Amino acid sequence: MTFRNPFVVFAVSLLLAASLLNQIADAATANKAMVVTADDRATKAALEVLRAGGNAADAAIAAQWVLNVVEPGSSGIGGGGFFVYYDAAADQTVTLDGREKAPMSAAPGMFLREDGTPVPFYPDRITGGLPVGVPGALKLLEEVHRRFGSGKYSFAALFQPAIDLAENGFTVTPRLAGFLDDEKDRLGRFDGSRRLFLKADGTPYREGETLIMTGLGKTFRLIQKEGTGVFYGGQIGKAIVDTVQTAVFNRGSMTLEDLAAYEVVERAAVSADYRGFKIVSMGPPSSGATTLLEALKILELFDVRPREINAEDAALFSAVQRIAFEDRNKWLGDPDFTEIPAARLISEAHAWERVRAIRDGRFLKKLFEDVNDVLSALEEQAKMEKLTRPSGIAAEDSPNTSHISIVDEQGNAASFTTTIEAVFGSGMVVEGWGFVLNNELTDFDPIPADGEGRAVPNAPGPGKRPRSSMTPAIVFKDGKPLIIVGSPGGSAIIGTVFNMIVYLLDYQMPLDKAIAAPRFIHRGDALEYESSANLSPEFLSELSTYGEALRSRRLTGNVQAIYIDSTTRLIYGAGDPRGEGFAEGY
Ligand code: GLU
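The numbering of the sequence shown is numbering that gives the first Met the number 0, which starts it at 0 and goes up by one.
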C-alpha cells in the first residue's frame with residue numbers, strides 16, 4: 000500500500016554560493032495592467048494599446064507585429080504560435096492553435112538521406128524551402144482579434160506601431176546583432192535575406208546600427224488594405240510559394256492550395272490542479288501542457304518546502320521531468336492524426352504509476368510505506384524503463400522564439416508563445432516582403448518509424464502539424480489568474496516553465512528571483528544545468544549521486560512572466576535577465 004508521506008528533508012542542503020545569475024531581474028510593479036515581452040519597443044507598443052482602451056488581446060497582437068520587426072529572427076508573420084487567453088467576462092480560458100502545417104507534399108522520409116540516416120540538423124535540415132510549414136501566425140491573430148478584441152482597434156490598426164518602426168528603422172540590440180552574426184552564413188545563401196540583413200560589404204548589422212525593413216512595412220500595409228487573403232492566396236502568398244519552390248538550397252513544394260487550406264484550431268484547454276492551484280497550458284500538437292503537468296503531478300506526490308535550491312531538490316525536479324519526457328516522446332504528436340491520452344498522462348493515478356521510474360531509492364523511500372514496497376517499486380521501475388525507453392531521437396533546439404505575457408484592467412490575460420523555430424527560421428526572407436519563413440517542419444522526428452517499423456506519433460506527413468514544446472501557461476488561484484508565463488528554448492521550454500512554477504509556488508520566491516534562479520532541465524537523456532549559474536563543485540558532486548547523467552548547457556530560455564498578488568493587488572512583471580525582456584505596467 001502506498002501513502003502520501005510528508006517529505007521531511009534530512010539531506011545536507013548544499014547552498015548555492017552567490018548562486019544565481021550575476022544579473023538579477025528587477026520586477027516592474029503596477030496596479031491595473033502589465034505587459035512583458037522580449038523587447039522594450041514591443042512592450043511599449045502593447046502598453047499604449049492598453050492605455051488607449053484596448054484589451055490584452057489587442058495588445059498582444061500589436062506586440063507580435065513589433066517583435067516581428069525588432070526580433071525578426073525569432074517570430075513573426077512567417078511562423079506560428081499558440082495563444083492561451085483568459086477571457087475575464089466569460090470566466091473562460093481558450094487555447095488557440097496557430098501551429099504551422101506541413102504541405103500536402105510532405106512525406107515521412109522527407110528528412111532522411113539515401114542511406115536512411117537523418118539529414119544533419121544544422122545547417123542542412125533547417126535551411127531552405129523543405130522545412131517551411133504553412134505559416135499560422137497571421138490567421139491566429141485574426142482569430143484572436145475576432146473573438147477577443149475589445150472593438151476599440153480594428154485588426155488593421157494594430158499593425159501601425161510595427162509599420163512605423165519597420166519603415167523608419169530601429170536600433171539593432173546586442174542580442175539581435177549576436178543572432179545576425181551567428182547566422183550570417185545561412186542568411187548569405189539567399190538573395191532576399193542577404194539584401195535585408197547583411198550590408199553591402201556582406202557583414203551583418205551590428206549593435207547600435209539602424210535596420211530598416213521597408214519590405215515588411217509593405218507586407219503589413221497590404222494586409223491592412225486587403226485583409227489576410229492577400230497572404231493566404233494573393234500577391235504575398237504567391238511570393239511565399241515561389242520562395243519555397245525556387246529556393247537555391249533544399250527546395251520545397253508548398254503550393255497556394257496549401258496556404259489557402261490553413262486553419263486555426265481551437266483545442267481543448269489542458270489543465271490540472273497542482274497543490275491547490277489550477278494550471279492551464281497548450282495541449283497537442285504542443286507537448287507543453289501534458290509534459291509540464293505530468294511532471295508537476297509526479298512532483299506533487301512529494302512535499303517540497305521553500306528553501307535554498309539544493310542538489311536533492313534539483314535531482315528530484317529533474318527526475319520528474321525525465322519521466323514526463325519519456326511519455327512525451329512516446330505519445331505526443333498532431334492530435335488530428337494520433338490519439339493522445341492527454342487526460343491520463345496528467346492524472347494522479349498515472350503519477351503514482353510513473354513515480355516508480357525515479358531511479359533513486361532515496362526518493363522512493365519517502366513515498367512507500369516499507370522496504371518491500373520500495374523493492375517492488377524498483378522492480379516495477381525496471382519494467383517501466385524497458386517499456387518506455389524513448390526512441391533515441393535526441394531533442395534538438397535553438398535559443399529562439401518569443402513569449403508575450405499580458406494582463407489588462409478587466410483581468411483578461413494573454414499567454415502567447417510565437418516562433419519561426421530556429422534563429423532566423425529557414426534562413427529565407429520572402430524577397431521584397433521582408434519577413435523570414437519558418438523551418439517548423441524540423442520539429443517532426445526525422446526518423447519516422449521505430450525499430451519495428453511502426454510509425455512514431457511525430458513522424459512527418461502531409462497536412463500534419465509538427466509536435467511543439469511551446470508552453471504558454473496561466474496559473475490560477477481561486478479562479479483568478481495568478482501567474483502568466485512562457486519561454487522560448489526548443490524542447491527545454493517545458494522544463495523552463497516547470498522551474499518557474501516550482502520556484503514561484505513551492506519555493507515561494509518573488510518573481511525576479513524565480514526568473515533569475517538557475518534552471519534544471521531533463522529532456523530524457525541528461526540532467527542539464529546552466530553553466531552560467533556557477534554551481535559549486537560540492538553541489539555538482541552531490542547532484543551526480545542521484546543517478547542522472549549530468550550535462551552543462553548555456554543559458555536556458557527567455558522567460559517573460561507576470562505574477563498577480565491578489566492580497567496586495569500588486570501586479571509584478573519581469574523579463575528574463577538571460578535576454579532583453581522588458582516589463583512595464585500602470
Ligand atoms: N519550434 C519550437 C517548438 O515549437 C520552438 C522553437 C524554440 O524555442 O526553439 O517547440
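Cβ coordinates follow ideal geometry from the N, Cα and C atoms, glycine included. The structure presented is a predicted model; accordingly, all values stated were derived computationally and were not measured.
Check, Outcome
"Which listed residue (446, 450, 422, 447) has its alpha carbon closest to that of residue 439", "422"
"Residue 452 CB to nearest heavy atom of the ligand GLU below 7 Å", "no"
"As assigned by DSSP and simplified to three states, the class of residue 476", "strand"
"Bounding residues of the beta strand (DSSP E) (the contiguous stretch that carries residue 266)", "264 to 266"
"Residues near residue 526 by beta carbon distance below 6 Å, same chain, minus five either side", "317, 547, 549"
"Heavy atom of the ligand GLU within 7 Å of residue 399 beta-carbon", "yes"
"Beta-carbon gap between residue 143 and residue 99 smaller than 8 Å", "no"
"Contact test: residue 430 Cβ vs the ligand GLU heavy atom, cutoff 7 Å", "no"
"Per DSSP, the bridge partner or partners of residue 402", "416"
"Three-way DSSP call (helix, strand, coil) for residue 316 in this model", "helix"
"For residue 99, the first and last residue of its enclosing beta strand (DSSP E)", "Where residue 99 is concerned, there is no enclosing beta strand (DSSP E), given that its DSSP letter is neither H nor E."
"Range of the contiguous beta strand (DSSP E) that encloses residue 250", "That residue, residue 250, is in no beta strand (DSSP E); it is neither H nor E in DSSP."
"Distance cut-off 7 Å: residue 578 Cβ against heavy atoms of the ligand GLU", "no"
"Neighbourhood of residue 186 by C-beta, 7 Å cutoff - its chain only, sequence neighbours within 5 removed", "192, 193, 196, 197, 423, 426"
"Start-end ranges of the beta strand (DSSP E) lying completely within the segment 509 to 536, minimum 3 residues", "519 to 521, 526 to 529"
"Proximity to residue 429 [Cα-Cα], best of 274, 483, 217", "217"
"Assigned exposure category for residue 371 - 16 Cβ within 10 Å defines buried", "exposed"
"Contacting residues, own chain, Cβ-Cβ under 7 Å from residue 259 (five flanking each side not counted)", "231, 232"
"Exposure of residue 153, with buried meaning 16 or more beta-carbon neighbours within 10 Å", "exposed"
"Cβ contact (3+ pairs, closer than 8 Å) linking the segment 519 to 533 and the segment 323 to 330", "yes"
"Exposure label - residue 104; buried when at least 16 CB within 10 Å", "exposed"
"Segment limits, alpha helix (DSSP H) that includes residue 159", "159 to 167"
"Residue 150 versus residue 41: straight-line alpha-carbon distance, rounded", "21 Å"
"Counterpart residues of residue 269 in DSSP-defined beta bridges", "280"
"C-alpha gap between residue 442 and residue 466, whole angstroms", "6 Å"
"Nearest to residue 253 (by Cα), restricted to the options 60, 131, 585, 88", "131"
"Residue 81 - partner residues in DSSP beta bridges", "96, 416"
"Buried/exposed call for residue 121, threshold 16 Cβ in 10 Å", "exposed"
"Own chain, CB closer than 6 Å to residue 545, minus 5 neighbours either side, in chain order", "314, 359"
"Residue range of the unbroken beta strand (DSSP E) whose run includes residue 581", "581 to 584"
"Validate contact between the segment 163 to 176 and the segment 468 to 479 using beta carbons, cut 8 Å, 3 pairs", "no"
"Short Cβ contact (8 Å threshold) for residue 497 with residue 294", "yes"
"Cβ-Cβ separation, residue 483 to residue 558 (assumed contact under 8 Å), whole Å", "The pair is not a contact, with the Cβ atoms about 11 Å apart (cut-off 8 Å)."
"Closer than 7 Å: residue 257 CB and nearest the ligand GLU heavy atom", "no"
"Segments of 3+ residues assigned as beta strand (DSSP E) that fall wholly inside the segment 536 to 575", "549 to 552, 559 to 564, 569 to 574"
"Three CB pairs or more closer than 8 Å across the segment 400 to 416 and the segment 203 to 211", "no"
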